[in-house]
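Chain order of the listed sequences is A and B. Throughout the first sequence, residue numbering follows the working numbering, covering 26 to 274 in sequence. Throughout the second sequence, residue numbering follows the working numbering, covering 79 to 527 in sequence. The block underneath contains the structure these notes are about, expressed in structure tokens.
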Amino acid sequence: MLNIKNLFASVEDKQILKGINLEVGAGEVHAIMGPNGSGKSSLASVLAGRENYEVTGGTVTLDGKDLLDLSPEDRAREGVFLAFQYPVEIPGVSNINFLKTALNEIRAYHGKAPLDAKTFLQLTKEKQKLVEFDAKLVNRSLNEGFSGGEKKRNEILQLAMLEPKLAILDETDSGLDIDALRIVANGVNKLRAKDNAFVLITHYQRLLEYIVPDFVHVLYNGRIVKSGGKELALELEEKGYDWIKEENK
Amino acid sequence: MSQQVVENSNSLSLKDSLVKEFGLTYSKNQASEPEALLQKREAALAAFQQAGIPTTKNEEWRFTNLAPFLKDSYQMQPTGCLSREQIEQAITSAQVKDLNAYRLVLVNGVIDFSFSNLPENKQGWTLQSVAELKAAPAFAAVLNASLPIEKYPFAAINTACFTDGFYLELNRDFSLDKPLQIIHVYGDQENLFLQPRNIIQVNRGASAEVLESSVLVTGQLLFVNGVTEIQVEENAHFKHAHFQVGEQQERWIMHTQVRQLRDSRYDNYTLTLPHADLVRNNLNVILDGPNTETHLYGLYMVEDKHLVDNHSLVDHRHPNCMSNQLYKGVILDGGKGVFNGKIYVHRPAQKTNAFQQNNNLLFSPNGTINSKPQLEIYADDVKCSHGSTVGQFDEEALFYLRSRGIGAETAHSLMVTAFAFDVTNKIENEALRAHIEHLIEKTISAAQA
């Protein structure tokens, strides 16, 4: 599904990604771990098309389609979803209007008519329930005054509504207490399917107790230096990142 | 009067044309107007002649250069009549979807009852033309009761020359059950300079909601120098919305002078959207009694080569009054906005709560905004604040929206709507709010086209 080949990217002339290679197949969950500053969030940003990143080499394709040529909105319409580490508060844009606009713009891209109000509300209700999202929050301004946990749950609600092929969760576990983490993880687990894929970016192994990955990769200094199964995460938890740094001096 | 005026009006400056117009109307007025009014007009003319048309050397006009708008010549009275079709079309275009309201139509500043739809119960209100009213002996005393024309040259020349307008009075304890939409239809075969004078008197305990808008139906230039005087008496509540959506050949200098008596409330919504060339609003609220409440909300969107200038004064003269002003501006590519908000708290006005906020969003690097909040406080037990900001789009928020599949254009539109939300959500009437939100979206998508 997702195919990253020898990806190089920089911010303000500083090289951040230095040759990433990663293949993610349909139905798979990949975890990307690594110490702070290794380039994990940068990878997520580059995939979603954040503008201050400059891709200096390599290719990224989603089901054969070149992603790097597309605007952020077209990437989303092709099926890329980035759950933000720090979801943005936008006072004055209602959550529900935001969801409707996003959903209908994606539908329009695929030549589908907008959902009628009734179907849309039904869908929202259903997904809210699925991800345990407080119905009251849907009518509020987007993320405004939401707690950290509510913001992350809102990301998962959007994920459920937009049904992307590839979901990248950037440090979704950061700042969550154990209950919120469990709710977010449950949501993701319910959304896992054979035709979609997840990339979890995380610093800690904790999230992976709730969302069990098929593959774990360690990112260090802009490159994937180690890949393995879920047991690699446990090893990292136990030994920390120092031995990785040591091995890659 | 005005013997020095030459025949060919094309060669006259706007100032001279206005003085000439004074001479023409004055001789007509002499037959019908009481001496006191004639004297007031003469004094007003003298004030105008002394001040002249303000230049940017005048502090109150520092950022608003009128010179480009003074080159054209205008007729000071309409040369013909608009057809019924033109008026009907104008009314249709001013309609607000789903708004259930009474309607008052003025054509070139003169009431047209045949197009109006007014409340049937005639006990509670009076509507009259100012042309009729000005013959009454008491009229001169109420004219400019709280408006110091020596400070406002355009209000002065309006005082000297006005011929008509509407007078609306709401009787004691009368509540208007629906909003009143006032549609000002303008147009002529020639460039037109009009000086309507409107008066709204809201008597003790009365309440009403008025929405004003205008439509220009011809392609010629229109310059309106209007004055509206509003008196909100004890315990009365007046809601006043002004939609300024126009055509490129419109120039507006609007003076709204409000006087509030004790325990009254006045809410003003001034919403200025493209495309008028020039909009200058002077909004002065004189708090002439204790325990009043005042809310001033403004939204302006300024496009290329256009200028929107909001000058306001909130004059706290008595204790325990509350005023709150929030003006938000969106400056599109090449547009120029001016905000000058003054709050004056006199020595007796203890326990004043006065707040003012002006926020601006620069849509492009080629916009200009001059924002000048002014606070003058002479009382010592008050709560006052003011703030002014100029910002650009929050790139992170834009990226967030786009990363959900929302296109750049829609994302900008959502963000502008969100920026304006603090003002639009204060419009309680849902039909009006939907109308203005629709206009904002339209303006933003046109700006990006």
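Ideal Cβ placement from N, Cα and C applies to all residues, glycine included. Since we're looking at a predicted model, the values are computed, not measured.
Can you find the residues in the same chain that come closer than 6 Å, C-beta to C-beta, to N420 of chain B, ignoring five residues on each side of it along the sequence? Position 342 of the second sequence holds residue 420 of chain B. Correcting the residue identity first, residue 420 of chain B is Lys in this sequence and not Asn. Same-chain partners within the cutoff: L391, Q452.
Please work out which residues of its chain come closer than 6 Å, Cβ to Cβ, to N143 of chain B, disregarding the five sequence neighbours upstream and downstream, and give them in chain order. Looking up residue 143 of chain B in the second sequence gives position 65. T134.
With DSSP collapsed to three states, give me the class of H318 of chain B. Residue 318 of chain B sits at position 240 when you count from the first residue of the second sequence. Strand.
Close-in-space but distant-in-sequence residues of the same chain around Y422 of chain B (CB under 6 Å, 5 per side omitted): Mapped onto the second sequence, residue 422 of chain B falls at position 344. A distance below 6 Å between beta-carbons, with the five flanking residues on each side excluded, links Y422 of chain B to the following residues of its chain, in chain order: D393, E454.
Only counting runs of 3 or more residues, tell me where the beta strand (DSSP E) segments fall wholly within the segment 203-246 of chain A, in order along the chain. Listed in chain order, they are 222-226, 240-245.
Whole-angstrom Cβ separation of N303 of chain B and N236 of chain B, contact assumed at under 8 Å? Taking the first residue of the second sequence as 1, we reach residue 303 of chain B at position 225. Taking the first residue of the second sequence as 1, we reach residue 236 of chain B at position 158. With a Cβ gap of about 5 Å, N303 of chain B and N236 of chain B count as contacting.
Since L374 of chain B and C399 of chain B are thought to touch, with beta carbons under 8 Å apart, how far apart are those beta carbons, to the nearest angstrom? For the purposes of this step, residue 374 of chain B is identified with residue 296 of the second sequence, where counting begins at 1. For the purposes of this step, residue 399 of chain B is identified with residue 321 of the second sequence, where counting begins at 1. In this structure L374 of chain B does not touch C399 of chain B by the C-beta definition: roughly 13 Å separates them, more than the 8 Å allowed.
What residues in the segment 487-498 of chain B bring their beta carbon closer than 9 Å to a beta carbon of chain A? Flagged, chain order: T488, A489, L492, M493, T495, A496, F497, A498.
Which residues does DSSP list as the beta-bridge partners of L123 of chain B? By one-based count along the second sequence, residue 123 of chain B stands at place 45. L123 of chain B pairs with nothing; no bridge assigned.
Pairing CB atoms from the segment 108-116 of chain A with CB atoms from the segment 194-205 of chain A, are three or more of them under 8 Å? Contact annotation: the segment 108-116 of chain A touches the segment 194-205 of chain A, with at least three C-beta pairs closer than 8 Å.
Can you list, in chain order, the residues of its chain whose CB lies under 6 Å from that of V336 of chain B, leaving out five sequence neighbours each side? Counting from one through the second sequence, the residue named residue 336 of chain B turns up at place 258. Counting only Cβ-Cβ distances below 6 Å, and skipping sequence neighbours, we find I308, Y344, V363.
Can you find a C-beta in chain A that's less than 8 Å from the C-beta of Y478 of chain B? Indexing the second sequence from 1 puts residue 478 of chain B at position 400. Cβ-Cβ to chain A under 8 Å: yes for Y478 of chain B.
What are the complete beta strand (DSSP E) segments, minimum 3 residues, inside the segment 226-274 of chain B? You should have 244-248, 258-264, 270-272.
C-beta atoms of G247 of chain A and G64 of chain A nearer than 8 Å: Residue 247 of chain A sits at position 222 when you count from the first residue of the first sequence. Residue 64 of chain A sits at position 39 when you count from the first residue of the first sequence. In this structure, G64 of chain A lies closer than 8 Å to G247 of chain A by Cβ.
Is K43 of chain A helix, strand or coil by DSSP? Here residue 43 of chain A refers to the residue found at position 18 of the first sequence. Reduced to three states, the DSSP call for K43 of chain A is strand.
Quick one: residues in its chain with C-beta nearer than 7 Å to the C-beta of E519 of chain B, no 5 flanking neighbours on either side, listed in chain order? Counted from its first residue, the second sequence places residue 519 of chain B at position 441. Only S491, T495 meet the Cβ criterion.
Figure out for me which residue from B:E137, B:E371, B:N388 has the closest Cα to the Cα of M379 of chain B. As a first step, residue 379 of chain B is located in the second sequence; it is residue number 301 there, counting from the start. Ranking B:E137, B:E371, B:N388 by Cα distance to M379 of chain B puts B:N388 first.
Determine the direct distance from the alpha carbon of D355 of chain B to that of A168 of chain B, and round the result to whole angstroms. By one-based count along the second sequence, residue 168 of chain B stands at place 90. By one-based count along the second sequence, residue 355 of chain B stands at place 277. In this model, A168 of chain B and D355 of chain B are separated by some 20 Å (Cα to Cα).
Just the C-alpha distance for L385 of chain B and L123 of chain B, rounded to the nearest angstrom, thanks. Residue 385 of chain B sits at position 307 when you count from the first residue of the second sequence. Residue 123 of chain B sits at position 45 when you count from the first residue of the second sequence. The straight-line gap from Cα to Cα measures roughly 27 Å.
Answer yes or no: the CB of I277 of chain B versus the heavy atoms of the ligand SAM, is any distance below 7 Å? Absent from the structure shown: the ligand SAM. Ligands present: none.
Cα-Cα separation between L102 of chain B and L225 of chain B, rounded to whole angstroms: Numbered from 1 along the second sequence, position 24 holds the residue referred to as residue 102 of chain B. Numbered from 1 along the second sequence, position 147 holds the residue referred to as residue 225 of chain B. Taking the straight line from one Cα to the other gives about 25 Å.
Would you mind stating whether L72 of chain A and V85 of chain A have Cβ atoms separated by less than 8 Å? For the purposes of this step, residue 72 of chain A is taken as residue 47 along the first sequence, with counting starting at 1. For the purposes of this step, residue 85 of chain A is taken as residue 60 along the first sequence, with counting starting at 1. With contacts defined as CB atoms closer than 8 Å, L72 of chain A and V85 of chain A qualify as a contacting pair.
With DSSP as the reference, identify every bridge partner of S292 of chain B, one or two as the case may be. Within the second sequence, residue 292 of chain B is the residue found at index 214, counting from 1. According to DSSP, which records beta bridges pairwise, S292 of chain B is partnered with B:H262.
Quick check: E76 of chain A and L87 of chain A, are their CB atoms within less than 8 Å of each other? Locating residue 76 of chain A in the first sequence gives position 51, where the first residue counts as 1. Locating residue 87 of chain A in the first sequence gives position 62, where the first residue counts as 1. Their beta carbons are not under 8 Å apart, which means E76 of chain A does not touch L87 of chain A by this criterion.
Quick check: D176 of chain B and A525 of chain B, are their CB atoms within less than 8 Å of each other? On the second sequence, residue 176 of chain B is found 98 positions in, with the first residue counted as 1. On the second sequence, residue 525 of chain B is found 447 positions in, with the first residue counted as 1. No.
Terminal residues of the continuous beta strand (DSSP E) containing W139 of chain B? The residue given as residue 139 of chain B occupies position 61 in the second sequence. That residue, W139 of chain B, is in no beta strand (DSSP E); it is neither H nor E in DSSP.
I'd like to check one pair, L167 of chain A with A127 of chain A: are the Cβ atoms closer than 8 Å? As a first step, residue 127 of chain A must be located in the first sequence, where it is residue number 102. As a first step, residue 167 of chain A must be located in the first sequence, where it is residue number 142. It is not a contact, given that the beta carbons lie outside the stated cut-off.
Go ahead and label N88 of chain B buried or exposed: buried means 16 or more other beta carbons lie within 10 angstroms of its beta carbon, across all protein chains shown. To locate residue 88 of chain B, count along the second sequence from 1; it is residue 10. In this prediction, N88 of chain B scores a pLDDT of 48, lower than 50, which makes its location untrustworthy; no coordinate-derived value is stated.
Using C-beta distances below 7 Å, list every residue in its chain close to E515 of chain B, excluding the 5 sequence neighbours before and after it, in chain order. Counting from 1 along the second sequence, the entry for residue 515 of chain B is found at position 437. The beta carbon of E515 of chain B lies closer than 7 Å to those of T495, T502 in the same chain, with the five residues before and after it left out.
Quick check: is the beta carbon of A114 of chain B nearer than 8 Å to any beta carbon in chain A? In the second sequence, the residue the question calls residue 114 of chain B occupies position 36. Not an interface residue.
Do I236 of chain A and V250 of chain A count as a contact pair if the criterion is CB distance below 8 Å? To locate residue 250 of chain A, count along the first sequence from 1; it is residue 225. To locate residue 236 of chain A, count along the first sequence from 1; it is residue 211. No. Outside cutoff.
Is any beta-carbon of chain B found at less than 8 Å from that of F223 of chain A? The residue given as residue 223 of chain A occupies position 198 in the first sequence. Cβ-Cβ to chain B under 8 Å: no for F223 of chain A.
Validate contact between the segment 274-290 of chain B and the segment 247-259 of chain B using beta carbons, cut 8 Å, 3 pairs: Yes, they touch.
Continuous alpha helix (DSSP H) assignments of at least 4 residues falling wholly in the segment 94-121 of chain A: Whole alpha helix (DSSP H) segments, 4+ residues: 97-103.
Measure from the C-beta of S87 of chain B to each C-beta in chain A and report whether the shortest distance is under 8 Å. Translated into positions along the second sequence, residue 87 of chain B becomes position 9. With a pLDDT of 42 at S87 of chain B, under the threshold of 50, the modelled position of this residue cannot be trusted, and the question is left open.
Quick check: the segment 153-168 of chain A against the segment 88-101 of chain A, are there 3 or more CB pairs under 8 Å? No, the segment 153-168 of chain A does not touch the segment 88-101 of chain A.
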